[in-house]
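In my numbering, the protein residues as written are 1 to 946. Data block below; observations after.
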């Protein structure tokens, strides 16, 4: 190694002694930088500097008249282009001049707006719409990139016009629809008035038929007219109702024109349905799924089934406890009966004794029998008192009381032990443990759902389903809190955990109902559920049951306390079973509904299109009614109204006249009655049919709720829906590793290219041979290779530093990590210099030629300008084997932002190239030297090669 460094030092000393060599080395250090700087500066930001690209615009649009208004879309487009600085727009009057300018290269492209442009744009209002066209011509010969730019600009113009047209057309359609909906809504009360008038006329038909039948009956029995005169006079009571119904029909007919006008609006809307359908076709919706809810519900059902089975087992233990308590109660009842009998006999004996003592005092003797109470337990148990013959001496009152109390005590002291109540305690424990398992399983399932919710925000419909699921969990936990609170044991730790969980779940439920849940609230709810899931509820319940166990002996001594304890356990088991069953029913109901909900979400992608056919069908149905049925209804109403207005007064007048004739001159009334009867036979049935037909039409409309559905469908949010249909999908762009300009983005490629060019220049201007004859034999070929390499590497490092610093301070290029950019450039220069130096050192001029060929291949296949995926297959194949690939990618990491994995990979690949080529050069230098010398000798003999 000493000889290697000594050779490097001698090279430096020789350079310092020779000014021309210093100038050459200085030029070698700076010249590659110019290559990078000039290329970068010339293409620093071409896409934001397109004002100089001239595009001719020729507008021949003559405009069009739409609904009485003159519209000129071409003129509006020209006005917008005059304020647009994207290109150098040149507005010319001659199409020939514009085409000639494009042909001669004066303009890069030409946009021609034809004379029928506005007319075609507004042809949507015609029966046969026509697509509007803009003529666009571009000169592909002038430049490779400029046509792409101008084409993009022309495409943007047509897209802007299309978007504006969709927005304006949609806004117009929605405005007309909204206006029609408002008009219909305003006239809805009038519609109901007409409808009610028809219904009232229909309701009066039976009375009209009664009137008709009466008139015809009178007419048929003209010979008995005197007998029927009273009946005819009774018809006068119907006059007010008939006149009232007629007035309502006349009033309804007066508003028929307004109803017809509203119907024509519906027909007009139906005729424009194809335009609305075209606008609606842009709407799209997206699918989601919710398998987490399915899993949670399935878990809940399993947990409730398990809890229900445990509770059923616990309940099966209670009949044994109640049987033992009933047995004790029977014994107690028998004892009470016997005690009462004994007490009665003792009382009777006291009375006899008292009388005897009184008799003795008087000197008389009683011969009645006395009652005594034996002191033996057997007598007290078998019989409460024994009747004995009267004796001369009776027991004392104190002895009799003692015997009675002994009897009571011995009969009532039936043994009831702790063992009798043990099944009740065991059943209580199993029930509480089942509820604990249920709440823990439910907490685990709910926790899984919320954990998934933290990573993925579902749709609004899914949020409502999850909120409903959380509500079921809160309800279940509240019911379990009620059961635990009544269990007579200390479950406060479990109850407090459930209450805390309910509070956090309620917050998340409310947020989901409002459309969004924040991660902090979800985390608190998950944490509260984890506390429940991880709580050792079994130990807490066992501790509480031990306190009950300690009190069982006391409860066993008191039959009432024992019964109270058993009944309380029964109540807790029943309520726990109800809670479990209710939870199971709710979960099963939810589980049954989930497939339908999931199917609905699968179809959400076609939501707008699936809703529109229903809207279209309803409008079409209403339009058909307006066109086919409404005229008949209105005609019937008009005919009935004309009759009520024109003929009915005459009929009523005839009735009055006839009544007067009947009263004043009965024979003269026969003719009037006959005319009235003829009317009821010939005209009245047709009028009744018309009224019924109109009423049936109105009922059909009410049953289908046509008017309200139409109003609801027609009313809309004009601004919001127009904006939505004009632009249903919005692209949210987020840049990753942003670079402010094209020049900075191109800097890695041109920097790497400059460093390769620098290595080529060094190998062409500096020699890899030992020219100093005095040093011949001092250094071996390998030492010469390594020593001279140090000189080339030193120059390469200086070249890389100058290039990078010039990028920063001269061109003001951007780099996210400037220091790393400089270090990476130094590494790239070392690798490139090693490759070029080794090829030249081993092969001489052939190596230089190979280095140039490799540079050309790397420019195309290194992916520096265009993505390698768009290049021919050959360049894609050699791409992974080119040093340029990893050098450019490594420099890009420093410019845009470092990804450690990519930096590590690129550095490792470059080091493989570097160490591989240096190992090859160092190892094969002695073997390649004779080959190179022969090639040099052959070249020199040609007298035309250096």
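From the three backbone atoms N, C-alpha and C, an ideal C-beta is built for every residue, glycine too. Model, not experiment: these values are computed from the prediction.
- request: Output yes or no for whether 8 angstroms exceeds the beta carbon distance between residue 907 and residue 890.
  value: The count along the chain shown starts at 1 and reaches residue 907 at position 907. The count along the chain shown starts at 1 and reaches residue 890 at position 890. Inclusion of residue 907 and residue 890 in the CB contact set at 8 angstroms is warranted, their separation being smaller than that value.
With the cut-off set at 8 angstroms, would you say residue 742 and residue 89 are in Cβ contact?
As a first step, residue 742 must be located in the chain shown, where it is residue number 742. As a first step, residue 89 must be located in the chain shown, where it is residue number 89. At least 8 angstroms separates the beta-carbon of residue 742 from that of residue 89.
Secondary structure at residue 89, three-state DSSP: helix, strand or coil?
Translated into the one-based positions of the chain shown, residue 89 becomes position 89. Assigned with DSSP and collapsed to three states, residue 89 falls in strand.
* Consult DSSP for residue 496 and reduce its assignment to one of helix, strand or coil. => Position 496 of the chain shown, counted from the start, is the residue given in the question as residue 496. It is helical.
Could you tell me whether the Cβ atoms of residue 841 and residue 796 are closer together than 8 angstroms?
As a position in the chain shown, residue 841 is number 841, starting the count at 1. As a position in the chain shown, residue 796 is number 796, starting the count at 1. Residue 796 sits away from residue 841, with the two beta carbons spaced by 8 angstroms or more.
### Query
Excluding five sequence neighbours on each side, which residues of the same chain lie with their C-beta closer than 8 angstroms to the C-beta of residue 787?
To locate residue 787, count along the chain shown from 1; it is residue 787. Only 3, 4, 5, 6, 7, 8, 11, 779 meet the Cβ criterion.
Nearest residue (CA-CA) to residue 639, options 694, 589, 587, 619:
Your numbering for residue 639 matches position 639 in the chain shown. Per the C-alpha coordinates, the member of 694, 589, 587, 619 positioned closest to residue 639 is 694.
| said: Considering only DSSP beta bridges, list what residue 65 is partnered with. | reply: By one-based count along the chain shown, residue 65 stands at place 65. Per DSSP, 70.
- Query: Would residue 913 pass as a contact of residue 867 if the rule is Cβ separation under 8 angstroms?
  - Reply: For the purposes of this step, residue 913 is taken as the residue at position 913 of the chain shown. For the purposes of this step, residue 867 is taken as the residue at position 867 of the chain shown. Contact check for residue 913 against residue 867 fails: the beta carbons are separated by 8 angstroms or more.
Just to confirm my understanding: we take residue 212, look at its own chain, exclude 5 residues before and 5 after, and list those with CB closer than 6 angstroms. What are they? Looking up residue 212 in the chain shown gives position 212. Spatial neighbours of residue 212 in its own chain (CB-CB distance under 6 angstroms, excluding positions within 5 residues in sequence) are listed in chain order as 680, 684.
(request) Kindly indicate the opening and closing residues of the beta strand (DSSP E) around residue 110. (result) Here residue 110 corresponds to residue number 110 of the chain shown, with the count starting at 1. Annotation for residue 110: the continuous beta strand (DSSP E) segment containing it runs 109-113.
- For the alpha helix (DSSP H) that contains residue 216, what are its first and last residues? One-based indexing of the chain shown puts residue 216 at position 216. That run of the alpha helix (DSSP H) goes 205-220.
Best match in 55, 543, 804, 437 for proximity to residue 480 [C-alpha to C-alpha]: For the purposes of this step, residue 480 is taken as the residue at position 480 of the chain shown. Considering only alpha carbons, the answer is 437.
Practice task
Would you grab the beta carbon distance between residue 209 and residue 245 for me? Rounded to a whole angstrom, and I think it's under 8 angstroms.
Solution key: The sequence position of residue 209 within the chain shown is 209, counting from 1. The sequence position of residue 245 within the chain shown is 245, counting from 1. Not really, about 14 angstroms apart at Cβ, beyond 8 angstroms.
Query raised in the report: What are the boundary residues of the alpha helix (DSSP H) that includes residue 254?
Result: By 1-based counting over the chain shown, the position of residue 254 is 254. Segment 239-254, the alpha helix (DSSP H) holding residue 254.
Q) Which same chain residues, not among the five before or five after residue 473, have their C-beta less than 7 angstroms away from its C-beta? A) Numbered from its first residue, the chain shown carries residue 473 at position 473. So the qualifying residues of the chain are 442, 446, 505.
**DSSP three-state assignment for residue 858, whether helix, strand or coil** = Numbered from 1 along the chain shown, position 858 holds the residue referred to as residue 858. Annotated three-state conformation of residue 858 is helix, per DSSP.
For a test of the three-state rule: what should DSSP assign to residue 831, helix, strand or coil? Here the question's residue 831 lines up with position 831 in the chain shown. Residue state, collapsed to three classes: helix.
Three-state secondary structure (DSSP) of residue 936: Counted from its first residue, the chain shown places residue 936 at position 936. Residue 936 falls in the helix class under three-state DSSP.
- Proximity of residue 55 and residue 111 at Cβ, strictly below 8 angstroms: Stepping through the chain shown from its first residue, residue 55 is reached at position 55. Stepping through the chain shown from its first residue, residue 111 is reached at position 111. In terms of Cβ geometry, residue 55 and residue 111 form a close pair [threshold 8 angstroms].
How is residue 778 classed by DSSP in three states: helix, strand or coil?
-> Position 778 of the chain shown, counted from the start, is the residue given in the question as residue 778. Residue 778 sits in coil when the DSSP states are folded into three classes, being neither helix nor strand.
Rounding to the nearest angstrom, what Cα-Cα distance links residue 646 and residue 652 in this structure? Here residue 646 refers to the residue found at position 646 of the chain shown. Here residue 652 refers to the residue found at position 652 of the chain shown. Each residue's Cα considered, the two are about 11 angstroms apart.
Q) For residue 595, is the classification buried or exposed, using 16 other Cβ atoms within 10 angstroms of its Cβ as the cut-off for buried? A) By one-based count along the chain shown, residue 595 stands at place 595. With fewer than 16 Cβ atoms within 10 Å of its Cβ, residue 595 is classed as exposed.
Q. What is the rounded straight-line gap between the Cα of residue 285 and the Cα of residue 687?
A. Translated into the one-based positions of the chain shown, residue 285 becomes position 285. Translated into the one-based positions of the chain shown, residue 687 becomes position 687. Below a pLDDT of 50, predicted positions are generally treated as unreliable, and residue 285, at 40, falls in that range; the measurement from the model is reported next regardless. If you draw a straight line from the Cα of residue 285 to the Cα of residue 687, it is about 54 angstroms long.
| Three-state secondary structure (DSSP) at residue 137? | Here residue 137 refers to the residue found at position 137 of the chain shown. In the three-state reduction of the DSSP assignment, residue 137 falls in the strand class, which pools E and B.
Q) Which residues in the same chain have their Cβ closer than 7 angstroms to the Cβ of residue 574, if we skip the five residues on either side of it in sequence? A) Here the question's residue 574 lines up with position 574 in the chain shown. Same-chain partners within the cutoff: there are none.
Open item on the list: With a threshold of 7 angstroms on Cβ separation, who are the neighbours of residue 839 within its own chain once the five nearest residues in sequence on each side are excluded?
Closed with: To locate residue 839, count along the chain shown from 1; it is residue 839. The answer, listed in chain order, is 847, 850, 851.
- Count the other C-beta atoms from every protein chain shown that fall within 10 angstroms of the C-beta of residue 376, then say buried if there are 16 or more, exposed otherwise. Here residue 376 refers to the residue found at position 376 of the chain shown. Since pLDDT at residue 376 reaches only 35, below the 50 mark, its modelled position is unreliable, and the value read off the structure follows with that caveat. By the neighbour-count rule (16 or more Cβ atoms within 10 Å), residue 376 is not buried but exposed.
- Go to residue 54, then tell me how far its beta strand (DSSP E) extends in each direction, as first and last residue. The sequence position of residue 54 within the chain shown is 54, counting from 1. Following the DSSP letters along the chain, one finds residue 54 inside the beta strand (DSSP E) bounded by residues 54-59.
* To do: Would you kindly work out how many angstroms separate the C-alpha atoms of residue 360 and residue 567, rounded to a whole number?
  => Here residue 360 corresponds to residue number 360 of the chain shown, with the count starting at 1. Here residue 567 corresponds to residue number 567 of the chain shown, with the count starting at 1. With a pLDDT of only 41 at residue 360, under the threshold of 50, the placement of this residue in the model should not be trusted; the figure read from the coordinates follows. Taking the straight line from one Cα to the other gives about 59 angstroms.
So does the region 798-814 actually touch the region 745-758, counting three or more Cβ pairs closer than 8 angstroms?
-> Cβ pair count under 8 angstroms is three or more, so yes.
Secondary structure of residue 526, DSSP reduced to three states | Taking the chain shown and counting its residues from 1, the one referred to as residue 526 is at position 526. Here residue 526 sits in helix by DSSP.
Worksheet entry | Counted within 10 angstroms of its Cβ, other Cβ atoms place residue 355 as buried (16 or more) or exposed | For the purposes of this step, residue 355 is identified with residue 355 of the chain shown, where counting begins at 1. With a pLDDT of only 44 at residue 355, under 50, the local geometry of the prediction cannot be trusted, and the value read off the model is given with reservation. Around the CB of residue 355, fewer than 16 other CB atoms lie within 10 Å, so the residue is classed as exposed.
Hey, would you say residue 198 sits closer than 8 angstroms to residue 615, going by beta carbons? In the chain shown, residue 198 corresponds to position 198, counting from 1. In the chain shown, residue 615 corresponds to position 615, counting from 1. Residue 615 is positioned such that its CB atom lies no closer than 8 angstroms to that of residue 198.
Does the Cβ-Cβ distance between residue 15 and residue 25 come in under 8 angstroms?
Counting from one through the chain shown, the residue named residue 15 turns up at place 15. Counting from one through the chain shown, the residue named residue 25 turns up at place 25. Contact: yes.
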